[in-house]
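Per numbering that gives the first Met the number 0, the sequence shown starts with residue 0, numbered consecutively.
The beta carbon of each residue, even a glycine, is placed where N, CA and C say it ideally should be.
Given the structure is predicted, the values throughout are model-derived calculations rather than measurements.
Data first, discussion second: the structure below is written as structure tokens.
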Amino acid sequence: MKLQTKSVLAFNICLIIACIVMALIGWFSANAGFDTSLQVQAASNLRIMVDNMDSLYPGDWEVRDGILYKGDHNMNEDTEIVDRFGSSCHGFVTFFAGDTRISTNVKDQNGSRNIGTKADDQIVNTVLRNGATYEGRTTILGKDYMSAYLPLKDAAGKNIGMAFIGIDVRTSDMDDVRHSFMLASVIAVLVLAGLLSFLSYIIIGKAIRPLLTLADTLSQIANGNLRVANLPEDRSDELGTLAHSANGMKARLKSVIKNVASSSESVAASSEELTASASQTTQSVTQVAENATNMAAGAAASADTIGNLTEQAHAMGETIDLLRKSAASMQNLAQKSQEVTVDGQEKVRHAITEIKAIAEQVQSSAAIVDTLGKRSDEIGTIVETISGIAEQTNLLALNAAIEAARAGEAGKGFAVVAEEVRKLAEQSGIATQDITERITAIQQDTTKAVDSIQAGNENVQRGTDAVNASGAAFDNIANQFGELEQTIRTAVDAVQAVSRTSSEMIAAMNQVQESSNKSQEDTQTISAATEEQAAAMQEMAHASQTLAELAQKLQEEVQKFQL
Numbered sequence: 000m001k002l003q004t005k006s007v008l009a010f011n012i013c014l015i016i017a018c019i020v021m022a023l024i025g026w027f028s029a030n031a032g033f034d035t036s037l038q039v040q041a042a043s044n045l046r047i048m049v050d051n052m053d054s055l056y057p058g059d060w061e062v063r064d065g066i067l068y069k070g071d072h073n074m075n076e077d078t079e080i081v082d083r084f085g086s087s088c089h090g091f092v093t094f095f096a097g098d099t100r101i102s103t104n105v106k107d108q109n110g111s112r113n114i115g116t117k118a119d120d121q122i123v124n125t126v127l128r129n130g131a132t133y134e135g136r137t138t139i140l141g142k143d144y145m146s147a148y149l150p151l152k153d154a155a156g157k158n159i160g161m162a163f164i165g166i167d168v169r170t171s172d173m174d175d176v177r178h179s180f181m182l183a184s185v186i187a188v189l190v191l192a193g194l195l196s197f198l199s200y201i202i203i204g205k206a207i208r209p210l211l212t213l214a215d216t217l218s219q220i221a222n223g224n225l226r227v228a229n230l231p232e233d234r235s236d237e238l239g240t241l242a243h244s245a246n247g248m249k250a251r252l253k254s255v256i257k258n259v260a261s262s263s264e265s266v267a268a269s270s271e272e273l274t275a276s277a278s279q280t281t282q283s284v285t286q287v288a289e290n291a292t293n294m295a296a297g298a299a300a301s302a303d304t305i306g307n308l309t310e311q312a313h314a315m316g317e318t319i320d321l322l323r324k325s326a327a328s329m330q331n332l333a334q335k336s337q338e339v340t341v342d343g344q345e346k347v348r349h350a351i352t353e354i355k356a357i358a359e360q361v362q363s364s365a366a367i368v369d370t371l372g373k374r375s376d377e378i379g380t381i382v383e384t385i386s387g388i389a390e391q392t393n394l395l396a397l398n399a400a401i402e403a404a405r406a407g408e409a410g411k412g413f414a415v416v417a418e419e420v421r422k423l424a425e426q427s428g429i430a431t432q433d434i435t436e437r438i439t440a441i442q443q444d445t446t447k448a449v450d451s452i453q454a455g456n457e458n459v460q461r462g463t464d465a466v467n468a469s470g471a472a473f474d475n476i477a478n479q480f481g482e483l484e485q486t487i488r489t490a491v492d493a494v495q496a497v498s499r500t501s502s503e504m505i506a507a508m509n510q511v512q513e514s515s516n517k518s519q520e521d522t523q524t525i526s527a528a529t530e531e532q533a534a535a536m537q538e539m540a541h542a543s544q545t546l547a548e549l550a551q552k553l554q555e556e557v558q559k560f561q562l
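In structure tokens, the structure reads:
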């Protein structure tokens with residue numbers, strides 16, 4: 000469900016609740032107002048009736064021998080006046096002599112007038128004793144009436160009786176007004192709710208539209224499209240803050256991707272340069288080896304040709320100087336290669352740590368699945384026990400049915416019970432069979448899961464062995480680079496020794512043979528060292544080629560982003 004739909008739905012629910020509350024409040028308020036209006040109408044009709052009595056029957060109210068008189072008119076025997084007034088006000092009219100009803104249009108189920116009964120003590124206390132008017136809701140014959148009681152006073156001002164009018168709440172004209180008002184209120188509430196719902200859909204949709212734009216922009220950024228336009232930041236609310244943050248995130252992400260692309264290009268270029276340098280160094284080392292071989296041959300020939308010793312010594316000095324410079328260059332390249340190898344060792348160690356963690360997780364999963372298989376075996380044993388019980392119950396029910404058949408009529412009830420037991424036993428057998436099949440399927444799946452996890456564990460182990468082998472290879476390469484650097488240092492020292500020897504050979508011709516022999520041995524050592532350096536350079540060239548391939552893959556990943 001979309002956010003706009005949720006917001007509109009939540010608002011409309013609150014709106015409906017508010018409208019219902021308003022309708023209920025209006026209902027109760029209207030009822031209270033209508034009841035008050037009816038109460039006022041009852042009191043007004045009562046006073047009008049009493050005033051009309053003064054016009055119809057002049058004279059004072061008085062009680063003689065328990066009979067209520069108005070002037071000379073006997074009210075106990077007059078039912079016409081209560082019927083006439085009751086019909087005009089759509090209610091009940093009653094006259095009291097003291098607290099006793101002497102004339103009324105209230106009739107019981109038999110049609111007899113309710114005469115001779117007493118008024119409530121509360122009414123008597125308010126009207127007769129205190130001389131006040133009593134107004135309130137009264138229930139007569141199961142219906143609600145708005146009633147009013149007025150004291151009747153004699154010539155001396157003494158309260159000698161009461162007059163009563165009760166207006167039926169449900170059959171009065173006011174009840175029609177009540178229903179019309181409530182119908183109009185309900186229609187108004189429904190129209191208002193519909194209008195507010197429509198306005199809420201428009202307003203909430205307009206308010207949420209920037210949030211939907213933000214979601215679409217973030218979705219495009221997540222898909223690698225960094226060319227999407229910036230979100231407007233002219234809002235001062237939380238949406239403006241989110242837009243500002245999203246624009247900043249996109250800019251920083253674009254900068255990071257550009258830096259990664261630039262770095263990958265630099266790495267690729269550096270690896271290519273390193274490969275070229277390694278190739279050139281290999282060629283130089285090969286040339287040095289050839290020169291050393293030639294120098295050894297020249298040193299041997301110098302023993303037989305003393306006449307050319309000085310010229311050969313000068314040539315050898317120049318060659319040795321070139322060898323010293325080449326050896327110094329090889330030493331620098333060896334140090335750089337050793338640094339690259341150390342970095343590779345750290346990465347291999349990290350890979351070994353990660354693979355070991357994966358292996359531990361796979362072994363833990365295998366143990367859990369194996370435990371699940373054992374639990375399913377235990378459940379299978381329990382199901383077999385239940386199946387056996389069901390079969391025994393079925394046999395017992397069959398035997399019971401046979402015995403009940405033998406018992407005749409006396410065993411019919413027992414036969415019905417035995418049949419029900421047999422059916423339950425059959426249902427239990429079917430259920431246990433179904434459970435057995437499901438347990439078997441679970442056990443098969445568990446076995447497959449265990450086999451799969453074990454196979455994965457073996458693959459992880461093989462991966463661990465392979466990474467360990469790679470680590471050992473890197474360690475071996477590092478050791479070889481260390482030995483290579485030491486060998487180059489030895490070669491440099493040997494070249495310097497040869498240089499000193501050549502100087503001595505020029506100064507002392509009598510030591511030419513010995514110096515040439517030593518030079519021959521030193522050049523053989525240099526030749527062996529240069530061969531080892533050539534092999535190391537080949538390994539470094541292979542490592543730089545691998546680095547170039549990784550840089551190419553990184554560039555391909557970066558190109559997936561549209562900058």
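By DSSP, does G204 sit in helix, in strand, or in coil? The count along the sequence shown starts at 1 and reaches residue 204 at position 205. In this structure, G204 counts as helix in the three-state DSSP scheme.
Whose C-alpha, out of G70, G65, N44, is nearest the C-alpha of L55? Indexing the sequence shown from 1 puts residue 55 at position 56. Taking only the C-alpha atoms, the option nearest L55 is G70.
Roughly how many whole angstroms lie between the Cα atoms of M74 and V62? Numbered from 1 along the sequence shown, position 75 holds the residue referred to as residue 74. Numbered from 1 along the sequence shown, position 63 holds the residue referred to as residue 62. Taking the straight line from one Cα to the other gives about 10 angstroms.
Three-state secondary structure (DSSP) of V227: By 1-based counting over the sequence shown, the position of residue 227 is 228. For V227, the three-state secondary structure derived from DSSP is coil.
Out of A154, S265, K117, which one is the CA nearest neighbour of L549? Position 550 of the sequence shown, counting from 1, holds the residue named residue 549. Per the Cα distances, S265.
Rounded to whole angstroms, what's the CA-CA distance from I207 to N258? Just pull it up for me. Residue mapping note: residue 207 aligns to position 208 of the sequence shown, counting from 1. Residue mapping note: residue 258 aligns to position 259 of the sequence shown, counting from 1. I207 and N258: Cα-Cα distance of roughly 36 angstroms.
With distance defined between alpha-carbon atoms, name the residue in M181, N478, K355 nearest to N458. Sequence index remark: in the sequence shown, residue 458 carries index 459 (1-based). Per the Cα distances, K355.
By alpha-carbon positions, which one of G130, I114, N113 ends up nearest to Q121? On the sequence shown, residue 121 is found 122 positions in, with the first residue counted as 1. Comparing Cα positions, the closest option is G130.
Does DSSP classify E134 as helix, strand or coil? Taking the first residue of the sequence shown as position 1, residue 134 is located at position 135. Here E134 sits in strand by DSSP.
Output needed for G135: all residues of its chain with C-beta closer than 7 angstroms, excluding positions within five of it in sequence on either side, in chain order. Here residue 135 is taken as the residue at index 136 of the sequence shown, counted from 1. Only S146 meet the Cβ criterion.
Residues of its chain near V168, where Cβ-Cβ distance is below 7 angstroms and the 5 sequence neighbours each way are ignored: Locating residue 168 in the sequence shown gives position 169, counting from the first residue. Once the five neighbours on either side are set aside, the close Cβ partners of V168 are L37, D143, Y144, M145, D174.
Measure the CB-CB distance between A162 and V49 and report whether it falls below 8 angstroms. On the sequence shown, residue 162 is found 163 positions in, with the first residue counted as 1. On the sequence shown, residue 49 is found 50 positions in, with the first residue counted as 1. Yes, the Cβ-Cβ distance between A162 and V49 is below 8 angstroms.
Would the beta-carbon of R100 fall within 8 angstroms of that of T116? Taking the first residue of the sequence shown as position 1, residue 100 is located at position 101. Taking the first residue of the sequence shown as position 1, residue 116 is located at position 117. Taking a C-beta distance under 8 angstroms as the contact criterion, R100 and T116 qualify as a contact pair.
Pairs of beta-carbons, one from the segment 89-99 and one from the segment 186-199, closer than 8 angstroms: are there three or more? The segment 186-199 and the segment 89-99 do not touch, with fewer than three beta-carbon pairs separated by less than 8 angstroms.
Who are the Cβ neighbours of D376 in its own chain at under 6 angstroms, not counting the five residues just before and after it? Stepping through the sequence shown from its first residue, residue 376 is reached at position 377. Cβ neighbours of D376 beyond the five flanking positions: none.
Could you pull the start and end residues of the beta strand (DSSP E) that E79 belongs to? Walking along the sequence shown from the start, residue 79 turns up at place 80. Where E79 is concerned, there is no enclosing beta strand (DSSP E), although the alpha helix (DSSP H) it sits in stretches over 79-88.
Alpha carbon to alpha carbon, what distance is there between S179 and A41? The residue labelled residue 41 in the question sits at position 42 within the sequence shown. The residue labelled residue 179 in the question sits at position 180 within the sequence shown. Whole-angstrom Cα-Cα distance: 22 angstroms.
Is L198 helix, strand or coil by DSSP? As a first step, residue 198 must be located in the sequence shown, where it is residue number 199. Looking at L198 - three-state DSSP - the assignment turns out to be helix.
Sub-8 angstroms separation of S199 and N11 beta-carbons: Counting from one through the sequence shown, the residue named residue 199 turns up at place 200. Counting from one through the sequence shown, the residue named residue 11 turns up at place 12. Result yes, Cβ atoms of S199 and N11 sit closer than 8 angstroms.
Straight-line Cα distance separating Q391 from T370: Mapped onto the sequence shown, residue 370 falls at position 371. Mapped onto the sequence shown, residue 391 falls at position 392. Cα to Cα, the separation comes out at about 32 angstroms.
N475, buried or exposed, once every other Cβ within 10 Å from all chains shown has been counted against 16: Within the sequence shown, residue 475 is the residue found at index 476, counting from 1. The residue in question, N475, is exposed, as its Cβ has fewer than 16 Cβ neighbours within 10 Å.
Exposure label - K447; buried when at least 16 CB within 10 Å: Start at 1 with the first residue of the sequence shown, and residue 447 comes out as number 448. Exposed, because fewer than 16 other Cβ atoms sit within 10 Å of the Cβ of K447.
List the residues that DSSP assigns as beta-bridge partners of K69. Within the sequence shown, the letter at position 70 stands for residue 69. DSSP, once it has assigned bridges, lists W60, H72 as partnering K69.
In the structure shown, what three-state DSSP assignment does L149 receive? By 1-based counting over the sequence shown, the position of residue 149 is 150. Here L149 sits in strand by DSSP.
Tell me, which residues are paired with K117 by DSSP? Translated into the one-based positions of the sequence shown, residue 117 becomes position 118. Paired residues: T99.
Bridge partners for G165 per DSSP, in chain order? For the purposes of this step, residue 165 is taken as residue 166 along the sequence shown, with counting starting at 1. G165 is bridged to F91, S146.
What's the C-alpha gap between A77 and F95? Position 78 of the sequence shown, counted from the start, is the residue given in the question as residue 77. Position 96 of the sequence shown, counted from the start, is the residue given in the question as residue 95. The residue you asked about is not Ala; residue 77 is Asp in the sequence shown. One C-alpha to the other measures close to 13 angstroms.
Measuring only the C-alpha atoms, how far is K157 from W60? The residue labelled residue 157 in the question sits at position 158 within the sequence shown. The residue labelled residue 60 in the question sits at position 61 within the sequence shown. Their Cα atoms are separated by approximately 10 angstroms.
Beta-bridge partners of G160, as assigned by DSSP: As a working mapping, residue 160 is identified with position 161 in the sequence shown. Answer by DSSP bridge pairing, in chain order: A96, L151.
Can you tell me the Cα-Cα spacing of Y18 and T35, whole angstroms? Stepping through the sequence shown from its first residue, residue 18 is reached at position 19. Stepping through the sequence shown from its first residue, residue 35 is reached at position 36. For clarity, residue 18 is Cys in the given sequence; the question names Tyr instead. For C18 and T35, the distance between alpha carbons rounds to 25 angstroms.
Proximity below 8 angstroms, CB of V81 to CB of T103: Locating residue 81 in the sequence shown gives position 82, where the first residue counts as 1. Locating residue 103 in the sequence shown gives position 104, where the first residue counts as 1. Their beta carbons are under 8 angstroms apart, which means V81 touches T103 by this criterion.
Measure the Cβ-Cβ separation of I159 and L149 and say whether it is below 8 angstroms. In the sequence shown, counting from the first residue as 1, residue 159 sits at position 160. In the sequence shown, counting from the first residue as 1, residue 149 sits at position 150. Going by C-beta atoms, I159 is not nearer than 8 angstroms to L149.
Could you check whether R421 and A400 sit closer than 8 angstroms to each other, using their CB atoms as the reference points? Residue mapping note: residue 400 aligns to position 401 of the sequence shown, counting from 1. Residue mapping note: residue 421 aligns to position 422 of the sequence shown, counting from 1. Contact: yes.
Looking only at its own chain, which residues have a Cβ that is under 7 angstroms from the Cβ of T216, when we skip the five neighbours before and after it? As a first step, residue 216 must be located in the sequence shown, where it is residue number 217. Cβ neighbours of T216 beyond the five flanking positions: V227, L230, A245.
From L397, L252, E531, pick the residue whose C-alpha is nearest to that of G223; which is it? Counting from 1 along the sequence shown, the entry for residue 223 is found at position 224. Considering only alpha carbons, the answer is L252.
May I have the straight-line CA-CA distance separating L394 from I367, to the nearest angstrom? Translated into the one-based positions of the sequence shown, residue 394 becomes position 395. Translated into the one-based positions of the sequence shown, residue 367 becomes position 368. The alpha-carbon atoms of L394 and I367 are separated by roughly 41 angstroms.
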